[in-house]
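Take a look at the structure set out below.
Protein chains: 2
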Amino acid sequence: MSKALIFGHQNPDTDAIVAAKAFAYYQTQRGYDVEAVALGEPNMETNYVLNHFDEPAPRVVKTVSNEVDQVMLVDHNEAQQSVSDLDKVQVTFVVDHHRIANFHTDAPLYYRAEPVGCVSTILTEMFDEAKIEIPAKLAGLMLSAIISDTLLLQSPTTTDKDREAVRALAEIADVDVQSYGIAMLKAGTNLAAKSDKELIDGDAKSFDMNGHSVRIGQINTVDLDDVISRQAGLEKAMQDEIASEGYDLFITLATNVLNSDSELIVAGEPKDVVEKAFNTKLADNRASLPGVVSRKKQVVPPLTEAFNA
Amino acid sequence: MSKALIFGHQNPDTDAIVAAKAFAYYQTQRGYDVEAVALGEPNMETNYVLNHFDEPAPRVVKTVSNEVDQVMLVDHNEAQQSVSDLDKVQVTFVVDHHRIANFHTDAPLYYRAEPVGCVSTILTEMFDEAKIEIPAKLAGLMLSAIISDTLLLQSPTTTDKDREAVRALAEIADVDVQSYGIAMLKAGTNLAAKSDKELIDGDAKSFDMNGHSVRIGQINTVDLDDVISRQAGLEKAMQDEIASEGYDLFITLATNVLNSDSELIVAGEPKDVVEKAFNTKLADNRASLPGVVSRKKQVVPPLTEAFNA
Chain F
611 MSKALIFGHQ
621 NPDTDAIVAA
631 KAFAYYQTQR
641 GYDVEAVALG
651 EPNMETNYVL
661 NHFDEPAPRV
671 VKTVSNEVDQ
681 VMLVDHNEAQ
691 QSVSDLDKVQ
701 VTFVVDHHRI
711 ANFHTDAPLY
721 YRAEPVGCVS
731 TILTEMFDEA
741 KIEIPAKLAG
751 LMLSAIISDT
761 LLLQSPTTTD
771 KDREAVRALA
781 EIADVDVQSY
791 GIAMLKAGTN
801 LAAKSDKELI
811 DGDAKSFDMN
821 GHSVRIGQIN
831 TVDLDDVISR
841 QAGLEKAMQD
851 EIASEGYDLF
861 ITLATNVLNS
871 DSELIVAGEP
881 KDVVEKAFNT
891 KLADNRASLP
901 GVVSRKKQVV
911 PPLTEAFNA
Chain Y
611 MSKALIFGHQ
621 NPDTDAIVAA
631 KAFAYYQTQR
641 GYDVEAVALG
651 EPNMETNYVL
661 NHFDEPAPRV
671 VKTVSNEVDQ
681 VMLVDHNEAQ
691 QSVSDLDKVQ
701 VTFVVDHHRI
711 ANFHTDAPLY
721 YRAEPVGCVS
731 TILTEMFDEA
741 KIEIPAKLAG
751 LMLSAIISDT
761 LLLQSPTTTD
771 KDREAVRALA
781 EIADVDVQSY
791 GIAMLKAGTN
801 LAAKSDKELI
811 DGDAKSFDMN
821 GHSVRIGQIN
831 TVDLDDVISR
841 QAGLEKAMQD
851 EIASEGYDLF
861 ITLATNVLNS
871 DSELIVAGEP
881 KDVVEKAFNT
891 KLADNRASLP
901 GVVSRKKQVV
911 PPLTEAFNA
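Just so you know, the sequences run in chain order F and Y. Quick note on the working numbering: the first sequence kicks off at 611 and runs consecutively. Quick note on the working numbering: the second sequence kicks off at 611 and runs consecutively.
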């Protein structure tokens with residue numbers, strides 16, 4: 611069996627980095643020759659997590675077919691969110707918690723997806739099923755990924771399985787979830803240190819919606835005004851990317867991670883579809899979305915539906 | 611939670627019928643409101659199995675959106691192999707052992723695929739993980755599905771997990787695998803009772819290969835001459851379906867289930883791609899493929915690759 615690379619999506623967040631490391635550990639225990647890599651540098655939150663648990667950042671790769679014939683995906687499946695030469699390698703394993711789209715294989719594979727808040731939750735379950743013990747440091751990393759994806763179990767994507775996993779992992783890692791979680795989320799929201807372009811690129815992902823190329827980014831903050839005060843610059847940066855990358859529509863969701871409200875900033879067209887999707891009116895290319903924190907569960911599905919209507 | 615229907619692919623084989631029943635039992639135990647249905651009548655082998663274990667055939671449905679909003683798929687995922695109005699309902703669960711293609715969802719879902727010989731093997735594992743006991747009758751049905759899909763563990767799709775599942779299920783069901791398995795496989799191969807059209811339709815599935823509509827059927831037999839002697843009629847029936855259904859290429863694989871050899875009969879075009887895929891020359895639209903028994907593992911991948919070359 612030749613070596614395989616394991617990685618999460620482009621613009622990696624904490625789960626994309628951690629799930630790759632956790633799945634690599636799991637597969638190694640089961641006899642596979644694998645290496646966890648990443649499709650980009652860790653963000654500020656992930657760096658805080660890696661430092662806290664004294665874990666090195668994964669090697670960053672731009673392509674994979676120059677190294678391996680087989681890859682394993684975590685935390686994504688859509689080709690446009692993956693490595694650029696995905697079509698040149700075989701995908702043998704996927705562990706994910708997103709919709710399935712723009713993904714196909716020539717041969718059967720192992721695919722495990724569950725509609726839960728975080729891939730690290732599914733992996734916690736898989737370790738349990740395979741009776742593989744999770745080392746304390748890895749438990750701390752996986753706990754961090756769940757806190758990140760579920761905003762400390764506040765996001766509507768949170769399920770009982772996420773809560774159970776957090777309990778189990780916190781005990782193994784010996785971490786106080788509440789105090790560590792808030793410190794970690796705050797570490798990821800130091801917006802002043804970032805340029806407008808860095809903010810909109812942050813963890814942005816591309817989606818094909820009924821033939822339209824839609825880019826959706828999310829900025830986590832502890833004060834929405836920190837984002838709104840920079841709206842003009844953010845809009846300019848989005849317009850620049852629309853022009854250079856050929857997107858039709860660019861949406862940036864600014865989310866207050868402490869109280870679970872969001873503001874939507876929109877560039878490109880069709881804006882009327884955005885208004886229809888969220889049953890709102892844009893004023894100055896912006897709209898408030900109270901209670902919206904999840905791109906996956908509260909933004910992508912209504913927008914997809916509005917595009918298909 | 612509203613009721614959901616569970617079903618396998620069109621032209622159901624034993625695994626498509628049994629896996630729907632087994633997953634319905636599993637989901638019912640976990641509190642879901644579900645019903646196992648089928649997209650066609652059971653074939654002769656499946657009827658033998660259902661009679662043997664005194665189990666009724668599932669209700670046959672042509673559409674589902676008139677009854678339910680949500681469905682769960684077993685043993686398939688490609689839209690053209692599924693119910694005709696799949697696009698009008700939400701797929702919430704998939705348990706499968708095929709490649710993933712022409713499948714997409716708007717929302718996250720539960721998806722469990724493994725590259726093993728039979729969905730009932732994956733379900734055996736899932737019952738074990740969830741600590742749900744398999745009743746003796748259901749174990750007999752699931753055992754039959756694995757025997758059917760793996761040709762009594764002889765197919766190259768067979769994995770250690772299939773062998774383990776057969777051992778466990780045979781013990782629960784108290785069945786002698788070898789004698790029951792041969793009787794069951796023979797019951798499915800009474801070709802004389804079937805018309806040419808019935809033979810080529812048997813368990814045929816459609817595939818999109820680089821823009822070509824490819825239909826691939828498989829006829830199990832205990833004597834290949836029983837199929838070859840009817841080649842002229844089978845070719846005529848395939849040509850008729852190409853004309854009426856708009857397929858480009860129709861391939862029928864006749865497989866000797868006792869010694870694991872196959873003959874390929876081809877209608878439509880491009881035939882040169884078929885020759886390239888199997889590194890053979892067609893004579894009289896036919897070629898021998900010694901050792902080939904698995905459409906999924908030994909026919910679809912090389913053919914897909916040849917179409918993409």
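Glycine is no exception: its CB is placed at the ideal position from the N, C-alpha and C atoms. Keep in mind that this is a model prediction, so the values were computed, not measured.
| Asked | Found |
| --- | --- |
| In chain order, what residues of the same chain lie with their CB nearer than 6 Å to the CB of D806 of chain F, ignoring the 5 residues before and after it? | G843, L844, A847 |
| Helix, strand or coil for Y658 of chain F, going by three-state DSSP, please let me know. | helix |
| Got a sec: is the Cβ-Cβ distance from Y790 of chain Y to anything in chain F below 8 Å? | no |
| Under the rule that 16 or more other beta-carbon atoms within 10 Å means buried, what is P900 of chain F, buried or exposed? | exposed |
| Can you tell which of Y:P622, Y:Q764, Y:G856 has the C-alpha that lies nearest to the C-alpha of V684 of chain Y? | Y:P622 |
| For a contact meaning CB atoms closer than 8 Å, what does I710 of chain Y contact in chain A? | In the displayed structure, chain A is absent; the protein chains listed are F and Y. |
| Tell me the residue span of the beta strand (DSSP E) that contains A893 of chain F. | Taken as a continuous stretch (DSSP letters only), A893 of chain F belongs to no beta strand (DSSP E), as it is neither H nor E. |
| What residue does the alpha helix (DSSP H) around D738 of chain Y start on, and which one ends it? | 729-739 |
| Quick one: Cα of Q680 of chain F to Cα of T702 of chain F, how far? | 7 Å |
| Quick check on this structure: which residue in F:E885, F:D835, F:V785 has the alpha carbon closest to the alpha carbon of A864 of chain F? | F:D835 |
| Could you check where the beta strand (DSSP E) with Y721 of chain F kicks off and where it finishes? | 720-723 |
| Anyone know if the C-beta pair for G798 of chain F and M682 of chain F falls short of 8 Å? | no |
| For K698 of chain F, which of F:S675, F:R709, F:T734, F:D706 has the nearest alpha-carbon? | F:S675 |
| Should T731 of chain F be flagged as near chain Y, meaning a C-beta pair shorter than 8 Å? | no |
| Please tell me whether P766 of chain Y has its Cβ less than 8 Å away from any Cβ of chain F. | no |
| Does the beta carbon of H707 of chain Y sit closer than 8 Å to a beta carbon anywhere in chain F? | yes |
| What's the call for G750 of chain Y, buried or exposed, on a 16-neighbour Cβ count within 10 Å? | buried |
| Just the C-alpha distance for D882 of chain F and L859 of chain F, rounded to the nearest angstrom, thanks. | 11 Å |
| Starting from D706 of chain F and walking both ways along the beta strand (DSSP E), at which residues does that stretch end? | 700-706 |
| Are there 16 or more other CB atoms within 10 angstroms of the CB of V670 of chain Y, so buried, or fewer, so exposed? | exposed |
| Near S823 of chain Y, what residues of its chain come up, given a Cβ to Cβ distance below 6 Å and the 5 sequence neighbours on each side ignored? | Y857, D858 |
| Going along the chain, which residues of its own chain have a beta-carbon closer than 6 Å to the beta-carbon of A897 of chain Y, five neighbours each way excluded? | L874, T890 |
| Using C-beta distances below 7 Å, list every residue in its chain close to T769 of chain Y, excluding the 5 sequence neighbours before and after it, in chain order. | V726, G727 |
| From Y:V647, Y:E677, Y:A630, pick the residue whose C-alpha is nearest to that of S612 of chain Y; which is it? | Y:E677 |
| Helix, strand or coil, according to DSSP, for V910 of chain Y in the structure here? | helix |
| Is the distance from the Cβ of Q764 of chain Y to the Cβ of Q691 of chain Y below 8 Å? | no |
| For A667 of chain F, which option in F:N687, F:A646, F:Q841, F:A803 has the closest C-alpha, if you only look at C-alpha atoms? | F:A646 |
| Grouping DSSP H, G and I as helix and E and B as strand, with all else coil, what is T760 of chain F? | helix |
| Which residues in chain F sit within 7 Å of E739 of chain Y, going by Cβ to Cβ distance? | E739 |
| Name the chain F residues whose beta carbon is nearer than 8 Å to that of K552 of chain Y? | Residue 552 of chain Y is absent from the model: chain Y starts at 611 and stops at 919. |
| Can you check DSSP and say which residues form a bridge with D921 of chain Y? | Within the shown structure, residues of chain Y are numbered from 611 to 919, placing residue 921 of chain Y beyond reach of any answer. |
| Which residue or residues does DSSP assign as beta-bridge partners of M682 of chain F? | F:I616, F:F703 |
| Within 8 Å of any Cβ in chain Y, is that where the Cβ of E743 of chain F sits? | no |
| For F917 of chain F and A887 of chain F, what's the separation of their Cα atoms in angstroms? | 8 Å |
| Using the beta-carbon count (16 or more within 10 Å), is N820 of chain F buried or exposed? | exposed |
| Looking at the unbroken alpha helix (DSSP H) that takes in S854 of chain Y, where does it start and where does it end? | 841-855 |
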